[in-house]
Amino acid sequence: MPAPISSQSLALTPPCTSASFARWCEGAALKGYDLIVIGGGLVGGAIAWGAARRGASVALLDEGDIALRASRGNFGLVWVQSKGLGLPPYAHWTRRSAELWPQMAGTLRDATGIDPALQQPGGLKICLSEAELEEAGRIHQRMAQESGDIGCRMIDRAELKAMVPAVGPRALGASWCPLDGHASPLLLLRALHRALLDAAGDYLPARHVDAISHGPGGFTVRAGAASFLAAKIVLAAGLGNADLAAMVGLFMPVRPLRGEIVVTERMRPFLNYATHALRQTAEGSVMIGDSQEDVGFDTAVSLPVLRGIAGRNLAAFPCLAEATVVRMWSALRVMTPDGFPIYEQSATCPGAFAVTCHSGVTLAGAHALELAPAILSGQLPGKFDAFTSARFAVPTP
Ligand SMILES: Cc1cc2nc3c(=O)[nH]c(=O)nc-3n(C[C@H](O)[C@H](O)[C@H](O)COP(=O)(O)OP(=O)(O)OC[C@H]3O[C@@H](n4cnc5c(N)ncnc54)[C@H](O)[C@@H]3O)c2cc1C
Numbered sequence: 256m257p258a259p260i261s262s263q264s265l266a267l268t269p270p271c272t273s274a275s276f277a278r279w280c281e282g283a284a285l286k287g288y289d290l291i292v293i294g295g296g297l298v299g300g301a302i303a304w305g306a307a308r309r310g311a312s313v314a315l316l317d318e319g320d321i322a323l324r325a326s327r328g329n330f331g332l333v334w335v336q337s338k339g340l341g342l343p344p345y346a347h348w349t350r351r352s353a354e355l356w357p358q359m360a361g362t363l364r365d366a367t368g369i370d371p372a373l374q375q376p377g378g379l380k381i382c383l384s385e386a387e388l389e390e391a392g393r394i395h396q397r398m399a400q401e402s403g404d405i406g407c408r409m410i411d412r413a414e415l416k417a418m419v420p421a422v423g424p425r426a427l428g429a430s431w432c433p434l435d436g437h438a439s440p441l442l443l444l445r446a447l448h449r450a451l452l453d454a455a456g457d458y459l460p461a462r463h464v465d466a467i468s469h470g471p472g473g474f475t476v477r478a479g480a481a482s483f484l485a486a487k488i489v490l491a492a493g494l495g496n497a498d499l500a501a502m503v504g505l506f507m508p509v510r511p512l513r514g515e516i517v518v519t520e521r522m523r524p525f526l527n528y529a530t531h532a533l534r535q536t537a538e539g540s541v542m543i544g545d546s547q548e549d550v551g552f553d554t555a556v557s558l559p560v561l562r563g564i565a566g567r568n569l570a571a572f573p574c575l576a577e578a579t580v581v582r583m584w585s586a587l588r589v590m591t592p593d594g595f596p597i598y599e600q601s602a603t604c605p606g607a608f609a610v611t612c613h614s615g616v617t618l619a620g621a622h623a624l625e626l627a628p629a630i631l632s633g634q635l636p637g638k639f640d641a642f643t644s645a646r647f648a649v650p651t652p
């Protein structure tokens, strides 16, 4: 089970930058940062802000507007149920992040005036057949056996109907988790960037990092003609991590997995919970979508896929038949071969870290409030051992 949140674990401790690093920066006549984070999406943004609020000098280097950015096209769930099936440390980390989310959202709101619109009333995975109910029940049992009981349970049709009167006759029940919720990923991203600037960090867009070198003083990060120096670096470049990792002796086998989303016009409130494939935002619009398509870097929208997404959710919520679709888009998830995150520090270039995950909204709380301080300390604690890319190593015969 996740450790309880203690005030000690969240205490702000200033980073320690060595005198030799300061001399190195002076010699190079460049500003040196305690930490450079490469990639300004939700993962990099959370880590950069988490480090800057502890007093570290931080630069967040990001690409331009045409970059691939899962953080600007995602669904916005803070989703716990079924996360970490087969890898209990991931289940614990996800739960921990969901617990930290309210604190992160409140801190960001107080610091920036931007509210990430967190709603955490619990989440439902609605089942439309007996087979789906059985499968969801099996997953609950396995999750509880592997990672402990956090109150997730199956609910039958009568209870579901009482919770959500708008469900249609094909909804037979649901899997329920009290820690699940949803938020606005765009407001979260904006708040993280704003809070970073307010904590004296630098957000530097239109900087495509093309080279990283490591020397006794620290890291030199090159983006075109510009160079930046740092004592530590974090690769948080989403799909870009695959190329960057090799520059610091790391291995990040990430690939794109397309997801498509449909958004309706604003509707009267009919859903007070998050569901895994549909959520009603605070403004009333309905976001629908959970496709997983292995189509490389193709970011087109596919009408058959969107029709499938709409059809399934129409079966769950017949009131959607009245709704007008106002937008649809696709975006690329950042996927590892087994779908679990990678958190890794370089053995050959100490001070270089890499982070990737496909639940950057869900994990933002833990990234900002627990991972960032661990990175500043220079050493990931043992609980991250389960997440290294060593699990993908092919054994030699
Ligand atoms: C359709 C869809 C739905 C999703 N739904 C959810 C959900 O409900 N809940 C959830 O938790 N997660 C969800 N996700 C996943 C979530 O969006 C991602 O986990 C998260 O956005 C990943 O953030 P990131 O910062 O790693 O990557 P990105 O958002 O891709 O950001 C990477 C950044 O790095 C920059 N970059 C890349 N290469 C370089 C370079 N060489 N130099 C400088 N910058 C570089 C890019 O410009 C980009 O800004 C969803 C994803 C998709 C696609």
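When we follow the working numbering, the leftmost residue of the sequence shown carries the number 256, and every step to the right adds one.
Ideal placement from N, C-alpha and C gives every residue a C-beta, glycine not left out.
Check: Which partner residues of K487 appear in the DSSP bridge assignment?
Finding: L290
Check: Which residues mark the beginning and the end of the alpha helix (DSSP H) in which M398 is found?
Finding: 385-402
Next item on the list: Would you check if the region 616-626 and the region 503-520 touch, i.e. whether three or more CB-CB distances between them fall below 8 Å?
Entry: no
Item checked: Coil, strand or helix - M359 by DSSP -> helix
Margin query: Pull the bridge partners of G428 from the DSSP assignment, please.
Written below: C382, D411
Margin query: Tell me the residue span of the alpha helix (DSSP H) that contains P511.
Written below: Premise fails: P511 lies in the beta strand (DSSP E), 510-519, not in any alpha helix (DSSP H).
Next item on the list: Could you have a look at V589 and say whether DSSP puts it in helix, strand or coil?
Entry: strand
Next item on the list: Evaluate I488 with the Cβ neighbour count: other Cβ atoms within 10 Å of its Cβ, from every protein chain shown; 16 or more gives buried, anything less gives exposed.
Entry: buried
Check: Between A491 and ligand 1, is the CB less than 7 Å from at least one heavy atom?
Finding: yes
Next item on the list: Taking M542 and F330 to be in contact with their CB atoms under 8 Å, please state how far apart those CB atoms are, rounded to whole angstroms.
Entry: 6 Å
Check: Looking only at its own chain, which residues have a Cβ that is under 6 Å from the Cβ of H469, when we skip the five neighbours before and after it?
Finding: C604
Notebook entry, point to check: Taking 7 Å as the cut-off, does the CB of W334 come closer than this to any heavy atom belonging to ligand 1?
Noted result: yes
Notebook entry, point to check: What residue does the alpha helix (DSSP H) around H448 start on, and which one ends it?
Noted result: 440-453
Check: Is any heavy atom in ligand 3 found nearer than 7 Å to the beta carbon of H463?
Finding: This structure lacks ligand 3; the ligands present are ligand 1.
Checklist line | Distance between beta carbons of A283 and L484, contact taken as under 8 Å | finding: 6 Å
Next item on the list: Can you check DSSP and say which residues form a bridge with V580?
Entry: T519
Note to self: Using a Cβ distance threshold of 8 Å, determine whether the region 385-400 contacts the region 347-366, with at least three qualifying pairs required.
What the structure shows: no
Next item on the list: Enumerate in chain order the residues of its own chain whose CB-to-CB distance from T367 is below 6 Å, with the five nearest sequence positions on each side excluded.
Entry: A446, R449, A450
Check: Closest by CA to V509, which one among G544, G594, V476, D465?
Finding: G594
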